[in-house]
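S.K.: A single structure is presented below for examination.
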Amino acid sequence: MSPARKVFNEGLWSNNPIFVQVLGICSTLAVTNNLSNTLVMVLGVTFATAMGSFTLSLLKDLIPRKVRMIVQVLVISFYVIIVDILLKAYQPAISKQLGPYVGLIITNCILMGRAEAFAAANKPGLSFLDGIANGLGYGWVLISIAFVRELLGFGTLFGLKIFGDGFTPWTIMVMAPSAFFLVALALWIANIVKAKAEAAAKTPKPKAAVPAPAKQ
Amino acid sequence: MKLKKESLGYVVVFTFIVCVAFVLLLSVANQVTLPQVKANQNYASHYAVLAAFGLADASTPKAEVENLFASKITELSTQAGPTSAASATYSADIDGARYLAVRITNPGLWGPITAILAADPAAERILGFEVLEQQETPGLGGRIGEAWFAEQFRGEKVGPDGKVSVTQGSGKGDPDRENSKVDAVTGASRTSDFVQILVAKALTAVKEIGGSL
Numbered sequence: 298m299s300p301a302r303k304v305f306n307e308g309l310w311s312n313n314p315i316f317v318q319v320l321g322i323c324s325t326l327a328v329t330n331n332l333s334n335t336l337v338m339v340l341g342v343t344f345a346t347a348m349g350s351f352t353l354s355l356l357k358d359l360i361p362r363k364v365r366m367i368v369q370v371l372v373i374s375f376y377v378i379i380v381d382i383l384l385k386a387y388q389p390a391i392s393k394q395l396g397p398y399v400g401l402i403i404t405n406c407i408l409m410g411r412a413e414a415f416a417a418a419n420k421p422g423l424s425f426l427d428g429i430a431n432g433l434g435y436g437w438v439l440i441s442i443a444f445v446r447e448l449l450g451f452g453t454l455f456g457l458k459i460f461g462d463g464f465t466p467w468t469i470m471v472m473a474p475s476a477f478f479l480v481a482l483a484l485w486i487a488n489i490v491k492a493k494a495e496a497a498a499k500t501p502k503p504k505a506a507v508p509a510p511a512k513q
Numbered sequence: 014m015k016l017k018k019e020s021l022g023y024v025v026v027f028t029f030i031v032c033v034a035f036v037l038l039l040s041v042a043n044q045v046t047l048p049q050v051k052a053n054q055n056y057a058s059h060y061a062v063l064a065a066f067g068l069a070d071a072s073t074p075k076a077e078v079e080n081l082f083a084s085k086i087t088e089l090s091t092q093a094g095p096t097s098a099a100s101a102t103y104s105a106d107i108d109g110a111r112y113l114a115v116r117i118t119n120p121g122l123w124g125p126i127t128a129i130l131a132a133d134p135a136a137e138r139i140l141g142f143e144v145l146e147q148q149e150t151p152g153l154g155g156r157i158g159e160a161w162f163a164e165q166f167r168g169e170k171v172g173p174d175g176k177v178s179v180t181q182g183s184g185k186g187d188p189d190r191e192n193s194k195v196d197a198v199t200g201a202s203r204t205s206d207f208v209q210i211l212v213a214k215a216l217t218a219v220k221e222i223g224g225s226l
C-alpha cells in the first residue's frame, strides 16, 4: 500500500479520529443538529488540520522540543483565525450562524493530535494528506450523525423540508443528549464491523477440498 | 555564533520570531479584509432596518437595499427615551402612516443580542423584528436569527402589559397575530426568555420615543 493510500485508509477508517481515536467529540456533540453548520465545521477542521500539519512538518527540524506545543497551538490558531476572518469577510451569513464555533476549532483535539502524532515525524506533503484524511474521516461520521439529527429533529435536510406538516419533530434529536446516543451507536457499529473484519483476516483460509478418490 | 536548538537563547529567539511572523500575517489578513467586513456590517444593519419595516426581504437585490434605505428611512436624532436604551432610532412613512424602529442591545445566553424592532409610535402593534447580532448556541438559540422566528412578530399585537411573550408552542411558529404570543425556539428556552425581555425593552423604547415626538 502506498504511503498516501495508507494515510487515507487510516484517517477514514482504521484510525478514524471519531470512533478510534475518540477525538473532536465536543464539536461532534455541538454542531451536528444541523447539516449546513456541520459541513462548514468539517471544511474548517479539514483545512486547519491539513495546513497546520503541513506547516508544522515544514518547521519540525527547527522547533525546539521544549516549546513544540506552544508552536503547534500558534500555527493551528493562525489557520483557524484565517478561516474566521475569511468567513466574516466573504461568507457573513455562515459566519453569523456559526458564531463562536469557528474559533473553537482551535480546541479541537484532532488538530493537535495529528500535529503531535503525525506531522512531527513525517514529510510536509504526507502530513498535508494526513490532515485531509483525518478531516474527511471526522467529516463523514459527523455528517452521518447530522443527517439523522436534522431529519428527525426538524424534519429537514440542509434546511429543505422533507417531512410534511403532520410530522412531529423529535425534540431530543435537536438537543445534545441525542448526539451522545448517536456517537455511541456509531462507535459500537464501527467496532463490530472492525472486529468482524479482523476476525475474518485472522482465520486461515480453508484449503481447497481434496476430491475423494474415485471408487473403483 | 551558532545556537544549539535546545539552548535558552535559541528557544527565546525562535519563539519570538515565529510569534511575530504569524501575528504579522494575521494582522495583514485582518487589515486587508476590514473594508469588506465593515461593508458587510453596514449592509446587514441597513437590511435589518428595512426588513423590520417590511420594506425588504431575502429576495430584495443587494443594490436595491442601499437605495431603499437612503430613500425611505430617516435616522432620528432622538436616540433613547428617559428609561430606554435604544442605540439608534429610525422612522419610515408606510402607506401614509409613520412607524418607528429602534436598535437595541440586551444580554443573551452567551453574549449580547442586538436587534431591530419596528412598531407604531404608540407601540400597540409590532411591524417587524430582526435579529442583527447574536452569539447564541448554533442550531438551538442561534435559530432566533432565522426567518420563521422573525416572521412570527410581523403584525403581532402587543399585550396590555406592553409585552409579547415568547413561550413554548409547536416550535414551528405561531400564526395568530392577536394573541401577543410567539413560539419559542425548541430546546432554547433561556434564549427565548432573553428575546422576550429584549422585545419588551424595545417596545418601551418605541413608546417613549414615539410619545416625545
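Protein chains in written order, with this note's numbering: chain X, 298 to 513; chain L, 14 to 226.
Every residue gets a Cβ at the ideal spot worked out from N, C-alpha and C, and that includes glycine.
Values in this document were obtained by computation on a predicted structure and should not be read as measured data.
So with Cβ pairs under 9 Å, would you call X/Arg302 a contact of chain L?
M.R.: False, the Cβ-Cβ gap to chain L never drops below 9 Å.
S.K.: With 9 Å set as the bound, which would you pick, yes or no: does the beta-carbon of X/Lys499 sit closer than that to a beta-carbon of chain L?
M.R.: Chain L contact via Cβ: absent.
S.K.: Per DSSP, L/Glu143 forms a beta bridge with which residues?
M.R.: L/Ile129, per the DSSP bridge assignment.
S.K.: Taking any Cβ of chain L, which residues in the segment 396 to 428 of chain X have a Cβ under 8 Å from it, in chain order?
M.R.: The residues in question are Gly396, Pro397 and Tyr398.
S.K.: Taking a contact to mean a Cβ-Cβ separation below 9 Å, would you say X/Ile442 touches X/Leu484 in this structure?
M.R.: No, the pair does not count as a contact, with Cβ atoms beyond the cut-off.
S.K.: Using three-state DSSP, classify X/Ile379 as helix, strand or coil.
M.R.: X/Ile379 falls in the helix class under three-state DSSP.
S.K.: At a cut-off of 8 Å, is L/Lys220 close to the ligand FMN when judged by its beta-carbon and the heavy atoms of the ligand?
M.R.: The ligand FMN is not among the ligands present in this structure, which contains no ligands whatsoever.
S.K.: Can you list, in chain order, the residues of its chain whose CB lies under 7 Å from that of X/Gly341, leaving out five sequence neighbours each side?
M.R.: Around X/Gly341: Val380, Val399 and Ile402.
S.K.: Tell me which residues share the same chain as L/Glu159 and place their Cβ nearer than 6 Å to its Cβ, disregarding the 5 neighbours each side in the sequence.
M.R.: Hits under 6 Å: none found.
S.K.: Is it true that the CB of L/Asn80 sits closer than 9 Å to the CB of L/Phe207?
M.R.: No.
S.K.: Whole beta strand (DSSP E) runs in the segment 131 to 213 of chain L with 3 or more residues, listed along the chain?
M.R.: With a minimum length of 3 residues, the continuous beta strand (DSSP E) runs that stay inside the segment 131 to 213 of chain L are 139 to 146, 178 to 180 and 194 to 196.
S.K.: I want to verify the contact list: residues of chain L whose CB lies under 8 Å from the CB of X/Leu371, in sequence order.
M.R.: In chain order: Val31, Cys32 and Phe35.
S.K.: Could you name the residues of the segment 338 to 366 of chain X whose beta carbon sits closer than 7 Å to any beta carbon of chain L, in the order they occur along the chain?
M.R.: Residues passing the 7 Å Cβ filter: Leu359, Pro361, Arg362, Lys363 and Val364.
S.K.: When you compare each of X/Val339, X/Leu336 and X/Gln369 to X/Pro352 by their alpha carbons, which one comes out closest?
M.R.: Looking at the sequence itself, residue 352 of chain X is Thr, so the reference to Pro does not match. Ranking the options by Cα distance to X/Thr352, first place goes to X/Gln369.
S.K.: Across the segment 299 to 308 of chain X and the segment 422 to 430 of chain X, are there enough close Cβ pairs to call them in contact, namely three or more that are closer than 8 Å?
M.R.: In short, these stretches touch, since the Cβ pair count reaches three.
S.K.: With DSSP run on the structure shown, which of helix, strand or coil describes X/Gln513?
M.R.: For X/Gln513, the pLDDT reaches just 47, beneath the cut-off of 50, and the residue's location in the model is therefore unreliable, although a value from the coordinates is still provided. X/Gln513: coil per DSSP, three-state reduction.
S.K.: What does X/Phe444 touch in chain L if you count any residue whose Cβ is under 8 Å from its own?
M.R.: Near X/Phe444 there are no residues of chain L at all, since even the closest Cβ is about 14 Å away, more than 8 Å.
S.K.: Which residue or residues does DSSP assign as beta-bridge partners of L/Asn119?
M.R.: L/Ile126, per the DSSP bridge assignment.
S.K.: Could you give the DSSP three-state label for X/Lys458: helix, strand or coil?
M.R.: Three-state result, X/Lys458: strand.
S.K.: So with CB distances below 9 Å, who are the chain X contacts of L/Phe27?
M.R.: Those within 9 Å of L/Phe27 in chain X are Leu359, Ile360, Pro361, Val364 and Val368.
S.K.: Does L/Leu113 come out as helix, strand or coil in the three-state DSSP assignment?
M.R.: Strand at L/Leu113.
S.K.: Quick check on L/Ala136 - is its C-beta less than 9 Å from some C-beta in chain X?
M.R.: Answer no: the Cβ-Cβ gap between L/Ala136 and chain X never drops below 9 Å.
S.K.: Is the segment 100 to 112 of chain L touching the segment 34 to 42 of chain L, taking contact as three or more C-beta pairs under 8 Å?
M.R.: With a cut-off of 8 Å, the segment 34 to 42 of chain L and the segment 100 to 112 of chain L do not count as touching, because too few Cβ pairs lie within range.
S.K.: Taking 9 Å as the threshold (beta carbon to beta carbon), is X/Leu383 in contact with chain L?
M.R.: Yes, its Cβ sits closer than 9 Å to a Cβ of chain L.
S.K.: Give a yes or no on whether 9 Å exceeds the smallest Cβ distance from X/Thr468 to chain L.
M.R.: Closer than 9 Å: yes.
S.K.: Where do the N-terminal and C-terminal ends of the alpha helix (DSSP H) with L/Ala101 fall, by residue?
M.R.: From DSSP, L/Ala101 is part of no alpha helix (DSSP H) but of the beta strand (DSSP E) over Ala99 to Ile107.
S.K.: Along the chain, where does the beta strand (DSSP E) that runs through L/Leu81 open and close?
M.R.: Premise fails: L/Leu81 lies in the alpha helix (DSSP H), Lys75 to Lys85, not in any beta strand (DSSP E).
S.K.: How would you write the range of the alpha helix (DSSP H) that L/Tyr56 sits in, first residue to last?
M.R.: Unbroken alpha helix (DSSP H) run through L/Tyr56: Leu21 to Phe66.
S.K.: Is there a Cβ of chain L sitting closer than 9 Å to that of X/Ile378, yes or no?
M.R.: So yes, X/Ile378 belongs to the interface.
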